[in-house]
Structures are given as structure tokens and as C-alpha cells.
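Chemist:
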Ligand SMILES: Cc1cc2nc3c(=O)[nH]c(=O)nc-3n(C[C@H](O)[C@H](O)[C@H](O)COP(=O)(O)O)c2cc1C
Ligand code: FES
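Chains as they are written, first to last, in our numbering: chain A, 1 to 160; chain B, 1001 to 1606.
Right, here's the structure in full:
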């Protein structure tokens, strides 16, 4: 979708939601889905269309960890560091992936392909340790298994 | 508009069509398609079974929620007329093909792929439909007595009677604090207002817990029905479910469930022609643990930063948009319909004197049978660990069970015979919490575990009140100091006095309970703290500052894998030279150990 189309689509969403109390967060979820992140321009658009102060939008965006102010990589890798995963050695998996992608947790590779995050429990603790790549959940990980999975994605994107 | 007669007709029709009961005429095949199942690869198994049996008369394949045994996923269950159920475990699409051809069509059971799941000692009330019905089909819920309790409440009971029943049942909140549910409803019912709200807490922020997710993915209507009953009891027409965005499958199934319930008239205007109307909306969380706290949750539904508010006023008086509001946990709601249908006495007959009914636990960590269990209150921890959980993997020793997540504490091995109840856990310095039960073995360092939880709290503190914002940070720094070998005499006492201060002065439950993991590990594992500080020694060989790696030349086969994988170039050696690890260059990431094929690399204290 081109940017103008996205903006038009967002205006519809905002128009439908505006005035319903408590609709700011749902609308921001939609904005992020649509634009990929909530950067300054998107926040301004949200504030304008929802007729709320920009400070409120920024306040909400920075409070919740699901909202991000910068664009994420094409592949979002989330390594779970919840309790069940942690006691089963999830930290080693995270370190291995940091090493493979040459980035620290919380960052995105310079080619914009991968971003690496640590999350707190995605509710698949029975399969700990767990990570997700975009919406796909990979469970019962070992360092080796995680390495194979990341390698597969790297070769999909033509990275070495 | 649906009448009770229509509901009964639907129930009968679906029972026959879906082959849900023992009178079945056709084969019912069920695939566990909750998040864990999907992660383990159940979706292609489901597709394969559907495709392979599409042309076969008398065979139906359904999706279901969590069957309970995460470690054996993907799970497939086959119910045939007149025969006992068969459970296939770790099913792959190839196995599924074989199961379809030889068992479902050929009628020969494949014992080599099946395993009987042992539910001894368990009792399913909140989970009664999970793994059995198709959560995306309201008719299947109706077939299992769904919406009968709502019908009964609306036609035969006054709101006060509903509240009395819940009070008499002894049901207490399953979200952590264990507040009597009936009493909470009574308070909200007594407060007059033009609008009241019923909220469901599906934020499930405790890391290592997935009970609520499983209920929502496996039996979403149980929660919707209970919320409508609660609405009737307190005089509210509007409900909100606050669910974390990390649970996309649960969100989707709730969405479908609400749409289907509205379409049938089980939500909406004038339900069962009683004049009572009730509507439910979903609200997605956005990744903030504090939003599981009741006042923060309500602020978040209002569309703001999810910061807690001081209480009083309590939500029963001024909750969402300052209107009387009740908030209950998913599992609490999942018990309601059964209590209305079977009576308060029935429920009060289960469990112990002070804790009634059952509790769902998510068993995780160092335990063989990870998964979802539901046991009567009062079940000893030992039974859960040894019988249901099947003990600790690799013959390691059980060290502690952690309950209550970042607000809770641990139950040490010497207390393994403790019956699980709200009060007994509190006496031990832990708490019931929402039901995450993480097993810790001798390879886990308790100081490190405490540091893990404090790290979590510091991350999740909303920053509104200083004791929590600053105090927990100082505690984390002290723990970091101790685990990195820089601990000093007096650090433990500093931790204790900070903990006491934070507990006394923080604004909300998050801060007030944040020191618990530290206090509880200090209570039972003080020696570990002391050894870290005094001897620079980590008994569990976890804390990096105190350990080193060594290659056993006898065992080493000189395959070079460790050297090739070492990110810091700390391994030297070759075909004719012994492999050794340079302790100064080693960053103690442990990769070499996981790569070694001859078990030659060991972690040890040094
Ligand atoms: C920091 C914090 C986080 C909480 N998180 C949850 C949660 O994720 N789910 C939940 O049901 N209750 C949570 N609670 C407890 C709720 O505040 C509230 O007591 C509960 O939802 C009430 O429902 P119940 O009476 O049915 O247990 C949390 C409390 C605190 C202080
Ligand atoms: S702790 Fe990792 S999925 Fe729950």
C-alpha cells in the first residue's frame, strides 16, 4: 500500500473510533500495524485524527512495550526470557543469536532484515525455551536448533 | 431471540452431529490446536488428517484447545463408537497419514504412536472443555451444557441469589490475591449507579504462566457466559475483556466467540427474553505487566498510560470511568457456570477448609511433564512434582518450586509435602499467584533467580511511585553486585531493609510484592547468598564471575568444534595439540559445551 493509501485508510479507522472513550490504544495498535511503527509523523497523524494532544499519544506510545517508535526489521526475532525459558538456559540462545547477527538485543541489523528482542513469556512455557520469528513460534530450543533456524532465515534473505 | 427450548434443541442436535458423548455413532478426531500445539507443528497435522479423511463417511476432524501435555505435542485424540479413546503423541504429518489410513479408516490402533495420558489426581472444572470441544464453534459449547447456567440464573434466580450462591461456594479469585469472589460482586451490586462494568483480567503477565491463555483458547464461551452472569448479578450491561496482545490465538478465538454469541442472542439485547442485556468488548493490552493490576488495567482500558491509582476508592465503588466495576481473572470466571449449575455445596465440597475448588497450574521449568494441570486445592506439592510432573529431568535433584511469579516466592525442597492452599503458601513466604509453577533444580542458582525477578520488576515498574521506581533498582544493583563476585559484608542486610521499606511504601501491588522473590530466597537459601559474597562461590555453577570452563583431554576427540564456534577465540589446540581454554579470553557463554560431542568440556567453580 502506498503511503497516501495508508493515510487514507487510517483516517477511516480513526473517524470510526473517535469519540468512543478508550479508543486511543486500539487505534494506535492499528496505526502501528499499518505504518510499521509509531514515529513522530505517525504520532502527529494519530493526534490530529483522534483530536487528542500529541503528548498523550507520545505518552501512551512510550509506556507500552508493544509500541515502538522506530521501524523494526523484516524478521522480528523474539527470544523469550520468561521464567520457564530463563531457568532452561534461554540466555545462551539469545547470546548465540546476538553473535550470529552481530547485533545486541534491542537492535536491528543495518540492512533492516532482522531485529532482535527479548520478551517475557509468550505463554508457550511448556515448550521452553522458546523464540518467535514474526508470528512463528519455535519451541524446545537448544543453541544448535536456534542456530539452524536463524541460518534458514538468513539464507532466505540471502545473508551470509 | 433464543429461548431455553431452542438452547436445549441445539444442545441435542450438536451432541448427535458432533459425536461428543458416549452415544456417538461416528468417529470424532480431535487435534490440540492451542499455541503450544501450533508451535510444535499441529497445524499441518490437522490439515493432513482432514485431507486424508475428507472422503470417508462417518469421520470428522475437529480442532480443540490445549489437551494438557505440552511436552508430547502435537496431540491427536481419536474417539470411536463403543471403543476407548486413543491419544497419539508427537504426531507429524507423516504419522498422521498413517494414523488416518491404518487406524481411522482401517480400525487398527497404532500402539507404537499412542500413549495413555495419566490424569490421576486431577479434577477438571475450569478446564472441563479444554481439549475436548472445538472452541470456534459455539454449538459444541452448548452441547456441553453451555449457556445453561446463564439461562438458569436469568429465569430462576434473583441477582442476590446468584451472589449468595457464589459466596456460599467459597470461590476465591484465581488471579493472585484470592479475594472472595461473591463478596466482590456484592460490593459492586450494593453501589447504585447508572452504569456498572464487568471486567475480565486476561493480561496474564506472570512470566511462566499460561493457564488463562489455555482457557481462552480452549473454551472462550465459558468466560463470556460467566461475565454475563456477573453482569446480571451486579446490575451491569457492559463487559470488557482486557487481553494481552502476545496471545493472538486467544484474541482470535474470543473474537469469534463473541460474534457467535451475539448472533445467537446469547449476548446483546434481552437475553432469553428476560429483559437483561449484556455486551462484551475486547481490549488488547500492549505489553505492560503493571496493567494486570486492577486499577492500572482500568486506566489502560480508558486509553491512557496504564498507571495504577491509589485505593480507596476501590473499583467496586469507582472503577472504570469512575463507575462501580468488578474485575475477575479468567480462571475465576471459568468456574462460575459450573457453580451455578451444580450448586454452591458441590463446589464447597471440593478442596480444603479455607480454599475451595480446584486450581489450574502451568507446570514448567525443570520438570519432565511440562503442561497444564488442574488439581483440587490442598493437593500436596510432592504429588504435583513427582506424580503428575514425573519428576526432574536427568535425575537432578529438586531444589524449589517458584509460584506467584515476580510477586511470589519459592517453596524449598524441605517443604515439598505442603498442601497447596492460599494460606499455606503465604505462610511459606510465597503465594498462590495466578498458577505459574516453575520447578527449579540444583543447576539453578537462587541468587540468580532472585536477580532475574528483580530485573523483571525494574523493567516493568511504571515509574509512578519512588519506592518502586528507585528502590527496586537499588535492590537489583545489589544483586548484580553479589552475582558478579563483588558482594560485600552488609549487602544482605541492605537488601533486607530496602525490601521492608518498599513493601511498606509502594503505591500498588507491583511494588509492594516486588521484594518477595528476594526475601523468600533469603529465607531458604541464605547460605547461597553468603557463599557468593564471602567465598566467591556459586554452588549451582551459574554465576559467570565465579566459574570457568575446562576441557578434559582424556575425553576430547579433537574434533575442533569448540574452537570453531568460540566467539572470543579462547580455545586453542589442534590435531596434535591438546585443546585448552584460555580463562582470560573466555567470555563464559557456554557455547563450546553445547557443541561438544564427547562431553569433554565441564563448567566448574574456580
Ligand atoms: C503487578 C500486578 C500484576 C497483576 N497481574 C495480573 C494478571 O496478569 N492477571 C490477573 O488475573 N490478575 C493480576 N493481578 C491481580 C489483579 O490486580 C486482581 O487482583 C485480579 O485480577 C482480580 O481477579 P480475581 O479476584 O478473580 O483474582 C495483578 C496484580 C498486580 C499487583
Ligand atoms: S516463559 Fe518463555 S514462553 Fe513462558
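For every residue, glycine included, the Cβ atom is placed at its ideal position computed from N, Cα and C.
Note that the coordinates shown come from a computational prediction; the quantities given were computed from them, not determined experimentally.
1. Can you list, in chain order, the residues of the region 98 to 123 of chain A whose Cβ is nearer than 8 Å to any Cβ on chain B?
2. Are there 16 or more other CB atoms within 10 angstroms of the CB of residue 1592/B, so buried, or fewer, so exposed?
3. Applying the criterion that 16 or more other CB atoms from any shown protein chain within 10 Å of the CB defines a buried residue, is residue 1349/B buried or exposed?
4. Determine which residues share a DSSP beta bridge with residue 1373/B and list them.
5. Is it the case that the Cβ atoms of residue 97/A and residue 128/A are separated by a distance below 8 Å?
6. Would you call the region 1110 to 1130 of chain B in contact with the region 123 to 137 of chain A, where contact means no fewer than 3 C-beta pairs closer than 8 Å?
7. What are the partner residues of residue 1455/B, as DSSP defines its beta bridges?
8. Can you find a heavy atom of ligand 1 that lies under 7 Å from the Cβ of residue 1290/B?
9. Indicate whether residue 1543/B and residue 1445/B have their beta-carbon atoms separated by less than 8 Å.
10. Spell out the partners DSSP gives residue 1412/B in its beta bridges.
11. Evaluate residue 1032/B with the Cβ neighbour count: other Cβ atoms within 10 Å of its Cβ, from every protein chain shown; 16 or more gives buried, anything less gives exposed.
12. In terms of DSSP beta bridges, what is residue 1282/B paired with?
13. Below 7 Å on C-beta distance, what does residue 63/A contact in chain B?
14. Can you name the residues of chain A whose CB is closer than 8 Å to the CB of residue 1035/B?
15. Residues of chain A with a CB under 9 Å from the CB of residue 1370/B: which are they?
16. Residue 951/B: buried (16+ other C-beta within 10 angstroms of its C-beta) or exposed?
17. Measuring only the C-alpha atoms, how far is residue 1529/B from residue 1123/B?
18. Give the interface partners of residue 29/A over in chain B, defined as CB-CB distance under 8 Å, in chain order.
19. Would you mind giving the Cβ-Cβ distance between residue 1196/B and residue 1188/B, rounded to the nearest angstrom? I have them listed as a contact below 8 Å.
20. Assuming residue 1438/B is part of the beta strand (DSSP E), what are its boundary residues?
21. Hey, does residue 1321/B have any beta-carbon neighbour from chain A nearer than 8 Å?
22. Of all the options 1467/B, 1495/B, 1060/B, 1248/B, which has the alpha carbon lying nearest to the alpha carbon of residue 1479/B?
23. Give the residues of chain A in contact with residue 1557/B, contact being defined as C-beta atoms less than 7 Å apart.
24. Report buried or exposed for residue 1179/B, applying the criterion of at least 16 other Cβ atoms within 10 angstroms of its Cβ.
25. As an exercise, report each continuous beta strand (DSSP E) stretch of at least 3 residues that is fully enclosed by the region 32 to 104 of chain A, in chain order.
26. Could you check whether residue 1367/B and residue 1447/B sit closer than 8 Å to each other, using their CB atoms as the reference points?
27. What does the Cβ neighbour count give for residue 1056/B, buried or exposed, with the cut at 16 atoms within 10 Å?
28. Just to confirm before moving on: does the CB-CB distance between residue 1602/B and residue 1552/B stay below 8 Å?
29. Examine the Cβ distances between the region 90 to 108 of chain A and the region 1033 to 1040 of chain B and report whether three or more of them are shorter than 8 Å.
30. With a floor of 3 residues, list each beta strand (DSSP E) that falls wholly inside the region 1262 to 1331 of chain B, ordered by position along the chain.
31. Using a beta-carbon distance cut-off of less than 8 Å, what residues from the region 43 to 71 of chain A approach chain B?
32. Would residue 1005/B be called buried (16 or more neighbouring beta carbons within 10 Å of its own) or exposed?
33. Go to residue 1550/B, then tell me how far its beta strand (DSSP E) extends in each direction, as first and last residue.
34. Counting only Cβ pairs nearer than 9 Å, list the residues of chain B close to residue 79/A.
35. Going by beta carbon distance, what residues of the same chain come within less than 7 Å of residue 1441/B, once the five residues before and after it are set aside?
36. For the putative contact between residue 1506/B and residue 1465/B, defined by C-beta atoms under 8 Å, what is the C-beta separation to the nearest angstrom?
Modeler: Short version:
1. 99, 119, 120, 121, 122, 123
2. buried
3. exposed
4. 1361/B
5. no
6. no
7. Paired residues: none, contrary to the question.
8. yes
9. yes
10. 1400/B
11. buried
12. 1241/B
13. 1288, 1305, 1306
14. 122, 123, 124, 137
15. 84, 125, 126, 127, 128
16. Outside the shown range of chain B (1001 to 1606) lies residue 951/B, about which nothing can therefore be said.
17. 40 Å
18. 1245, 1284, 1286
19. 6 Å
20. 1436 to 1441
21. yes
22. 1495/B
23. In chain order: nothing, as chain A lies at least about 18 Å away.
24. exposed
25. 75 to 80
26. no
27. exposed
28. yes
29. no
30. 1279 to 1284, 1325 to 1329
31. 56, 59, 60, 63, 64, 65, 66, 67
32. exposed
33. 1547 to 1551
34. Here the premise fails: no neighbours, minimum Cβ distance about 13 Å.
35. 1366, 1392, 1396, 1397, 1398, 1399
36. 6 Å
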